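Structure first, then comments.
Number of protein chains: 2
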Amino acid sequence: MALKSFIEVHPDSHFPIQNLPYGVFKPEPESQPRPGVAIGDYVLDLYEIASAGLFDGPLLKGSDCFHQPTLNKFVAMGRPAWREARATIQKLLSSTEPALRDNANFRGKSLIPVSKVEMLLPTNIGDYTDFFASLHHATNCGIIFRGKENPVPLNWFYLPIAYHGRASSVVISGTGIVRPSGQAYPLGDSPPSFGPSQKLDFELEMAAVVGPGNELGKPVDVNEAADHIFGLVLMNDWSARDIQRWEYVPLGPFLGKSFGTTISPWIVTLEALEPFVCEAPKQDPPPLLYLAEEISRNYDISLQVQIKPAGHDQASVVSNTNFKYLYWTLTQQLAHHTVNGCNLRPGDIFGTGTLSGPEPDSLGCLMEITWNGERPLSLNGATRKFLEDGDEVIFSGFCKGNGYKVGFGTCSGKVLPSIP
Amino acid sequence: MALKSFIEVHPDSHFPIQNLPYGVFKPEPESQPRPGVAIGDYVLDLYEIASAGLFDGPLLKGSDCFHQPTLNKFVAMGRPAWREARATIQKLLSSTEPALRDNANFRGKSLIPVSKVEMLLPTNIGDYTDFFASLHHATNCGIIFRGKENPVPLNWFYLPIAYHGRASSVVISGTGIVRPSGQAYPLGDSPPSFGPSQKLDFELEMAAVVGPGNELGKPVDVNEAADHIFGLVLMNDWSARDIQRWEYVPLGPFLGKSFGTTISPWIVTLEALEPFVCEAPKQDPPPLLYLAEEISRNYDISLQVQIKPAGHDQASVVSNTNFKYLYWTLTQQLAHHTVNGCNLRPGDIFGTGTLSGPEPDSLGCLMEITWNGERPLSLNGATRKFLEDGDEVIFSGFCKGNGYKVGFGTCSGKVLPSIP
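Heads up: the protein sequence lines correspond to chains D and V, in order.
Quick note: the first sequence uses full-length UniProt numbering, first residue 1, plus one each step.
Quick note: the second sequence uses full-length UniProt numbering, first residue 1, plus one each step.
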């Protein structure tokens, strides 16, 4: 019989007892931020659960990890502590366990309607890295910018290409994104133009949240890399294509990306995703030894992008894709990231890069969907080449279980006009 | 008459009373880290000075900014507080002021020989950015990699090119640097090779430490940018040229840089550098409006690189250059960094990029000095194309005043063998 909570959870909810993702929230505007777990339409306040002494396993008993304003301390504790926490929370919320179910007073204090809380960034992000690990995305970008002959550079097939992004401008879902200003590619012999970006785009990504880090100088073995990953979130790597195109040679993207990156508030753990593991794409050429894993795993996560155009009530679906198309796995990304001795720290995040699929309706950014503006997109009465002020972009994602979903909720943001 | 301290300071010292740079140190191995100021061969313990109530100006009285384990809180307070602190410390250390001079007990407690303390990173670095702002360096790299025709891409002359570096692997002077392993450019049709880098290099840079930050979405005007810069340090942006060359297209440097970046421990403030302001190079084409400053300022800072080869007792000078050759000023760099709305936070750092000068003996990295290994360097009995295990690289820098120096001390690191 499927595990069931005493809290009623709709079969379409992303947050049944099988999920239990972690976030950080404020129950009241003046409260201290604290960790919580999503269950149906509620947040379980882990500050209260810990204060009541309900984390009584050997690793978490007496720990102050849930009395912190971020999840950094908890994610640093590693998989044994994560398993213990999950078992405790799953038991506490199960339909057969009276401790919370039958204590109306404590229930009222520790289970708060998610509609009433403010969600915050789940960790203090020391560094944010962004990979470029979807072959479909790399191919499409290559064709758009360099033509059909060899669109993907040779190095792409040997190493998970990545760059460091800006940690300070990672924001939580729901935060408005101010249209960036910057220089765009000059036309003819003119100097470059300057002004608000005319090619503002989203990028559908997921990001891994680092658990225990590694010491500077000490690489992580690819077969042990999963123990350094706490879980996943949805991520929108907002991009100004015109700014990016002019600035990115030779040192890569900078201002075309650093004006904002949105993540979803709930970190879905690898434990919760375990039933949805699937094979990763075959890699040809074979990866070098340090990237050759014993088992190569992806996850079957359906992803969807919707745009709600400025002034419209209705959002339109503009892409349906899946995490499983990712070429370089998360564990390969992490092993590559550390192979030179680079240290990761608990709470760091690394994005997958845009998650485009093989089909025309499974592309992960407007640059691909509208082919750099050549094929405007119809949105139920509106048309778009790129994003306009007031447009809202909404990502969602979930895994389909037997009678339940393990989901990520949404990752959304509205474009605000540039400041004059 | 020149300002003089009651502490004897040798005329060649980098740390006379005219300097007063800030750092973070531990007086004893078990002590809490705390802010200090260098004076001659001593560190003035600001924790003790603050505890004694000696910061009695309107902005610092009662503040706990010097009771913090980093300088982030102090640098966030802005120039008026920095001026007040400098005036207080300069008075306290001056030869005519008895408060500290004549109190042997308090002097013993608050002035510690620098040889006895451990220096730590001065700030918690939220983000580390690296610019590419020396025209001589950009030109040399362009010729080496792309040939003599148009070595510098057109965008370089319109925008201060930069990329985000790795904040987690920024380390304090004296920390060993483990030789990174990684993939190198394939020869012919073979797959890329993997192993310890064969082209390990240093890069002579300086880095600015951000004072007050800016809000996400709100650019900083170039004419107000100096108020967001607390001071400068020396920086070695260690680089693995073989790893970098293979990975950097199309998203820029990643593992070729992220294994370690060394900074000097003492932040020399812009106030202390004020007497050494000089004109910045003329910019042609003229900068776009948002980069056009009313006054364009560089600093006349002599910089030197020495290498002490493995197994040798003596270091050899391999470069003498100057900060004043920098093409894009620090304030232009900061204005550009934020023009898209990107937020800087107090304690962030941004590097200038390699500071090569116009002369053959004023180049800022081995790639330029040995012309990518083609012209090995003679080092008093040893020869080098790139760095070998056990080599120590030592940067120093100072401004020459009338009878005194305002200096940065040294920024050093020794290459450790790669971990098998």
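Don't be surprised by glycine CBs; every beta carbon is placed ideally from N, CA and C.
Keep in mind it's a predicted model, so treat the numbers as computed, not measured.
DSSP puts residue 119 of chain D in a beta bridge; with which residues? D:25
Exercise. By Cβ distance, which residues of its chain are closer than 6 Å to residue 34 of chain D, with the 5 residues on each side in sequence left out?
Worked result: 47
Self-check item: Buried versus exposed call for residue 219 of chain D [16 or more other C-beta atoms within 10 Å across all chains shown]
Solution: buried
Sort D:419, D:416, D:395 and D:195 by Cα distance to residue 408 of chain D and report the nearest one. D:395
**Asked** Counting along the chain, where does the alpha helix (DSSP H) carrying residue 367 of chain V start and finish?
**Response** 366 to 369
- [ ] Identify, in the order they occur along the chain, each residue of the same chain with its Cβ nearer than 8 Å to the Cβ of residue 198 of chain D, setting aside the five sequence neighbours on each side.
- [x] 184, 242 and 386
Check your understanding: Relative to the C-alpha of residue 350 of chain V, which residue among V:237, V:356, V:222 and V:381 is closest?
Key -> V:237
Cβ-based burial, residue 2 of chain D [other Cβ within 10 Å; buried from 16] = exposed
- Item | Closest by C-alpha distance to residue 130 of chain D, when choosing among V:172, V:376, V:320 and V:254 | V:254
Q | Listed by chain order, chain V residues near residue 344 of chain D by CB distance under 9 Å | A | 168
*Is it true that the CB of residue 389 of chain D sits closer than 8 Å to the CB of residue 310 of chain D?*
yes
Self-check item: Beta-bridge partners of residue 45 of chain V, as assigned by DSSP
Solution: V:36
Suppose you measure from the CA of residue 283 of chain V to the CA of residue 124 of chain D; what does that come to, to the nearest Å? 40 Å
Three-way DSSP call (helix, strand, coil) for residue 315 of chain D in this model:
coil
**Q.** Cβ of residue 248 of chain D within 8 Å of any chain V Cβ
**A.** yes
Which residues of chain D have a Cβ atom closer than 9 Å to the Cβ of residue 158 of chain V, listed in chain order? 183, 186, 191, 192 and 246
Query raised in the report: Who are the neighbours of residue 126 of chain D on chain A, taking C-beta pairs under 7 Å?
Result: This model lacks chain A altogether, as its protein chains are D and V.
Practice task
Out of D:12, D:140 and D:5, state which residue places its alpha-carbon closest to the alpha-carbon of residue 403 of chain D.
Solution key: D:12
Please work out which residues of its chain come closer than 6 Å, Cβ to Cβ, to residue 176 of chain V, disregarding the five sequence neighbours upstream and downstream, and give them in chain order. 414 and 416
ask   = Leaving out five residues before and five after residue 290 of chain D in sequence, what residues of the same chain have Cβ atoms less than 6 Å from its Cβ?
value = 339
Within 9 Å of chain D by C-beta, residues of the segment 206 to 224 of chain V in sequence order: 213, 216, 217, 218 and 219
Consider the Cβ of residue 356 of chain V: report whether some Cβ of chain D lies at a distance smaller than 8 Å. no
Can you tell me the Cβ-Cβ gap for residue 43 of chain D and residue 112 of chain D, rounded? I've got them flagged as a contact below 8 Å.
-> 5 Å
Query - Beta-carbon contacts of residue 372 of chain V that lie in its chain and below 7 Å, excluding the five residues immediately before and after - result: 144
*Could one say the Cβ of residue 162 of chain D lies closer than 8 Å to chain V's Cβ atoms, at least one of them?*
yes
Original post:
For residue 328 of chain V, which residues of its own chain have a beta-carbon under 6 Å away from its beta-carbon, when the five flanking residues on both sides are left out?
Top reply: 133 and 160
message: Could you compute how far the alpha carbon of residue 267 of chain D sits from the alpha carbon of residue 335 of chain V?
response: 35 Å
Practice item. Thinking residue 355 of chain V and residue 140 of chain V are a contact (beta carbons under 8 Å), I'd like their distance in whole angstroms, please. Key: In fact, because the Cβ distance is near 12 Å, the residues do not count as touching under 8 Å.
> Rounded C-beta distance between residue 300 of chain D and residue 324 of chain D? I'm assuming under 8 Å.
Replying inline: 5 Å
- Message: Please classify residue 49 of chain D as buried or exposed, where buried requires at least 16 neighbouring CB atoms within 10 angstroms.
- Response: buried
* To do: Within 10 angstroms of the Cβ of residue 103 of chain D, are there 16 or more other Cβ atoms? Answer buried if so, exposed if not.
  => exposed
Beta-carbon neighbours of residue 265 of chain D, restricted to chain V and to distances below 9 Å = In chain order: nothing, as chain V lies at least about 18 Å away.
Distance between beta carbons of residue 260 of chain D and residue 216 of chain V, contact taken as under 8 Å
7 Å
Would you please verify whether the beta carbon of residue 327 of chain D is less than 8 Å from any beta carbon of chain V? no
Quiz prompt | Where the alpha helix (DSSP H) containing residue 75 of chain D begins and where it ends | solution = 72 to 76
Three-state secondary structure (DSSP) at residue 79 of chain V? helix
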